[in-house]
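Residue numbers (the numbering used here): 301 to 461. In this text, a Cβ means the ideal position worked out from N, Cα and C, and glycines have one as well. As the structure is a prediction and not an experimental result, all values here were calculated from the model.
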């Protein structure tokens, strides 16, 4: 906002607004009522099942199987077992689709469903070649990490499938 560190900035504060004056520029903002949500509280800490999968292959498979899902329920079921992930969609109106991918996974088998759009949204934000999923069970939030960027963290709620 200011290129010169020697420029004076005047700050004014009321119960509902804050104002910054920098030379002839005045910036006024409304203060937020309440406190900022404790986002750390919604990030799960006990997810001990680790799945590492190729990001592009996973996104492409989600995109392919989700083409037959209904708009109302875009759930994709992931059946995760040692060394592989099976993606499945079952739509009574248009049939079913499954696809298998190899993956790095060595915990107990788990079946979990996610909204395909949310999986694709997260995959589009990842920059690395691999994604790491930290899972607990079919009803708990899943953490998704970008293997190329340790600061990137996504929390995804599962769906019933």
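Candidates the options, of which the one nearest residue i by Cα
i: residue 449; options: 438, 353 and 429; result: 429
i: residue 409; options: 424, 378 and 398; result: 378
i: residue 404; options: 315, 382, 323 and 370; result: 382
i: residue 243; options: 321, 442 and 459; result: Since the first residue of the chain shown is 301 and the last is 461, residue 243 is not available in this structure.
i: residue 318; options: 310, 330, 325 and 307; result: 330
i: residue 426; options: 396, 407 and 447; result: 447
i: residue 322; options: 335, 308, 374 and 314; result: 308
i: residue 406; options: 388, 400 and 384; result: 384
Where the alpha helix (DSSP H) through residue i begins and ends
i: residue 364; result: 355-366
i: residue 419; result: 416-425
Assigned exposure category for residue i - 16 Cβ within 10 Å defines buried
i: residue 332; result: exposed
i: residue 424; result: exposed
i: residue 364; result: exposed
i: residue 431; result: buried
i: residue 351; result: buried
i: residue 376; result: buried
Limits of the unbroken beta strand (DSSP E) element including residue i
i: residue 455; result: 449-456
i: residue 470; result: With the chain covering 301 to 461 only, the question about residue 470 has no answer from this structure.
i: residue 395; result: 395-402
i: residue 347; result: Segment: none, residue 347 is in no beta strand (DSSP E) and carries neither H nor E.
i: residue 406; result: From DSSP, residue 406 is part of no beta strand (DSSP E); its letter is neither H nor E.
i: residue 319; result: 317-322
Through-space distance from residue j to residue i, alpha-carbon basis
i: residue 411; j: residue 337; result: 31 Å
i: residue 354; j: residue 444; result: 13 Å
i: residue 356; j: residue 419; result: 12 Å
i: residue 390; j: residue 327; result: 53 Å
i: residue 436; j: residue 342; result: 14 Å
i: residue 362; j: residue 402; result: 14 Å
i: residue 312; j: residue 421; result: 40 Å
i: residue 347; j: residue 458; result: 14 Å
i: residue 416; j: residue 340; result: 25 Å
i: residue 380; j: residue 306; result: 59 Å
i: residue 370; j: residue 413; result: 15 Å
i: residue 455; j: residue 360; result: 21 Å
i: residue 349; j: residue 396; result: 27 Å
i: residue 303; j: residue 460; result: 52 Å
i: residue 434; j: residue 394; result: 32 Å
i: residue 439; j: residue 451; result: 25 Å
i: residue 316; j: residue 334; result: 11 Å
i: residue 400; j: residue 374; result: 19 Å
Beta-carbon proximity of residue i to residue j, cut-off 8 Å
i: residue 386; j: residue 398; result: yes
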